[in-house]
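Chemist:
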Amino acid sequence: MPSPPHPSSAKYAVLGEPSKGASEPLLATDLSEERNQPLNSSRACVLVCLFTFLLAFKPSQPHMAQYLRQVKGFSQADIVHYIFPIAAYAQFVLVVLQGYICEFLGYKYAIIMGAGGRVCTRMCMLYGTEIWHFQLSEICYSMGSAMLIIFGGYIFNLVTRENYQRIIAVQQMATLGGHVSAGYVGDILINAFNCDLTVLMYISAVSITSGFLLAFSFPQVSYTKAPSLTKVFRSVKRIYSCPVFLLMLTLWCVLTSVHSLVWGYETSLYDYLKVEQHYVGDYNGILASSGLLLGALSAMLSNNNWVLDQHVSHPHRSMIIEGAIISVCILLMSRPSLTSLSIGFILYFGAYTIMNTSFIGHCGRFAGPPSSETVEGISSSG
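Numbering (UniProt numbering), first residue to last: 1 to 382.
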């Protein structure tokens, strides 16, 4: 079995260049030679970082279950069984549609649609009264989630290959920074200033609307000629012909689906345990921020040379180990204790971020035209 490529080698530039973000540029494969001159990396970095920061800055998010229960008057059963699950079902469908919208209508339009979905979510949350209004808000929210999954593909097509890893990593840090700062701001406003939850929802709406408007300034990814259906489907066929990648994709789909449930249900579980155990104060924003901060540190760790080499030489084995760690964290969260929930939730984000980073990096290694070196590297990983 060939030894893992060193990060400074030319071969590593093809096989081992990891990317960080909640996105996978699968359908862009084999089409990179048809796009026009990439955008200046500094401007691209500022645009994508500001956009994702604004979409992530939602002080109301960690307190969503409490908002629906106290402000909108829904029961815990309504929230858990009839509102939150809609997002997971809708995202399953929308993420597939978004990929093809990107390729045939353009990434910019897909991003605007996704950000617009997040704006509609806030409007439904603020002004909705019936349960179907909030079910609609979950569908709109899933439009934004699907957009963020393909966002790395937009960046991949926007900048040079040499700058892709750096910009995608900084963009992910900006996203996590938005979540972390929003969590602290929300908890300070609630606990120190006795701020109403509706005010937090308005702050979130302003931030998301600003991100939506910023999306209109994004440059469109242009090609010297439009990608043909034949070339796109040939690219997809080549990607899915690799059994190692299929195994990793299956694991990623399962773990990402679980992630949507964990991220959505944690707020209602925290709210339930807080009431059940007569806990004074609401610090779920700080709890969520701590988990995301560990996720940011994990994103930095994923760029370590040793970690990169492990994921390049044994990608599926590394992913299985990370999946096992994630399972332990979720098991810890399932115990009826706020302390257990908090520890499990924080550790979960660290493990999930490393897994997601390594998988997206592996997707990036499929994003160039196939070569003998690429085939050799993929085969050796099995």
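Glycine included, every Cβ here is placed at the ideal spot set by N, Cα and C. Since the model is a prediction, treat every value here as computed from it, not as a measurement.
#1: Do the segment 138-148 and the segment 107-124 meet, that is, are 3 or more Cβ pairs less than 8 angstroms apart?
#2: Could you compute how far the alpha carbon of A296 sits from the alpha carbon of Y265?
#3: Does the separation of the CB atoms of N163 and V221 fall below 8 angstroms?
#4: Does the pairing of the segment 247-254 with the segment 302-311 give three or more beta-carbon distances under 8 angstroms?
#5: So what does DSSP say about A192, is it helix, strand or coil?
#6: Just verifying my parser: in three-state terms, what is the DSSP assignment at F104?
#7: Suppose the cutoff is 8 angstroms on Cβ atoms and the five residues either side in sequence are ignored; what does the same chain contact list for M333 look like?
#8: Apart from the five residues on each side of it in sequence, which residues of its chain come closer than 8 angstroms, Cβ to Cβ, to I167?
#9: Taking Cβ positions, are Q135 and I83 nearer each other than 8 angstroms?
#10: Are the CB atoms of M300 and E322 within a distance shorter than 8 angstroms?
#11: Measure the beta-carbon distance from L54 to G211 and round it to whole angstroms, keeping in mind my assumption that it falls under 8 angstroms.
#12: For the alpha helix (DSSP H) that C140 lies in, which residues bound it at each end?
#13: Straight-line CA distance for L273 to G178?
#14: Flag Y352 as yes if its beta-carbon sits less than 8 angstroms from any beta-carbon of chain B, otherwise no.
#15: If I measure Cβ to Cβ from F218 and keep anything under 7 angstroms in the same chain, skipping five residues before and after, which residues do I get?
#16: Quick check: R122 and S204, are their CB atoms within less than 8 angstroms of each other?
#17: Could you give the distance in angstroms between the alpha-carbon of I190 and the alpha-carbon of S181?
#18: What do you get for F57, buried or exposed, if any count of 16 or more other CB atoms within 10 angstroms of its CB means buried?
#19: Counting along the chain, where does the alpha helix (DSSP H) carrying residue 388 start and finish?
#20: Where does the unbroken alpha helix (DSSP H) through F212 begin, and where does it stop?
Modeler: In short, the structure shows the following:
#1: yes
#2: The residue you call residue 296 lines up with position 296 of the sequence shown. The residue you call residue 265 lines up with position 265 of the sequence shown. Rounded to whole angstroms, A296 to Y265 spans 22 angstroms at the Cα level.
#3: What you label residue 163 is simply residue 163 of the sequence shown in a count that begins at 1. What you label residue 221 is simply residue 221 of the sequence shown in a count that begins at 1. Cβ atoms of N163 and V221: not closer than 8 angstroms.
#4: no
#5: Within the sequence shown, residue 192 is the residue found at index 192, counting from 1. Looking at A192 - three-state DSSP - the assignment turns out to be coil, as it is neither helix nor strand.
#6: Start at 1 with the first residue of the sequence shown, and residue 104 comes out as number 104. Three-state result, F104: helix.
#7: Position 333 of the sequence shown, counting from 1, holds the residue named residue 333. Once the five neighbours on either side are set aside, the close Cβ partners of M333 are V262, E266, L269, S340, L341, G344, F345, Y348.
#8: Locating residue 167 in the sequence shown gives position 167, counting from the first residue. Only S41, A44, C45, V48, I155, V159 meet the Cβ criterion.
#9: Here residue 135 is taken as the residue at index 135 of the sequence shown, counted from 1. Here residue 83 is taken as the residue at index 83 of the sequence shown, counted from 1. Going by C-beta atoms, Q135 is nearer than 8 angstroms to I83.
#10: As a first step, residue 322 is located in the sequence shown; it is residue number 322 there, counting from the start. As a first step, residue 300 is located in the sequence shown; it is residue number 300 there, counting from the start. For E322 and M300, no; Cβs fall outside 8 angstroms.
#11: As a first step, residue 54 must be located in the sequence shown, where it is residue number 54. As a first step, residue 211 must be located in the sequence shown, where it is residue number 211. With a Cβ gap of about 3 angstroms, L54 and G211 count as contacting.
#12: Translated into the one-based positions of the sequence shown, residue 140 becomes position 140. 131-158 is the extent of the alpha helix (DSSP H) around C140.
#13: As a working note, residue 273 is residue 273 in the sequence shown. As a working note, residue 178 is residue 178 in the sequence shown. For L273 and G178, the distance between alpha carbons rounds to 26 angstroms.
#14: Reference to chain B is not applicable here, since this structure consists of a single protein chain.
#15: Indexing the sequence shown from 1 puts residue 218 at position 218. Result list for F218: L47, K108, I111, in chain order.
#16: By 1-based counting over the sequence shown, the position of residue 122 is 122. By 1-based counting over the sequence shown, the position of residue 204 is 204. Yes; because the gap between Cβ atoms is below 8 angstroms, this pair is in contact.
#17: As a first step, residue 190 is located in the sequence shown; it is residue number 190 there, counting from the start. As a first step, residue 181 is located in the sequence shown; it is residue number 181 there, counting from the start. Their backbone Cα atoms lie some 14 angstroms apart in a straight line.
#18: Here residue 57 is taken as the residue at index 57 of the sequence shown, counted from 1. The residue in question, F57, is buried, as its Cβ has 16 or more Cβ neighbours within 10 Å.
#19: Outside the displayed span of the chain (1 to 382) sits residue 388, for which this structure offers no information.
#20: As a working note, residue 212 is residue 212 in the sequence shown. Element bounds for F212: 197-215.
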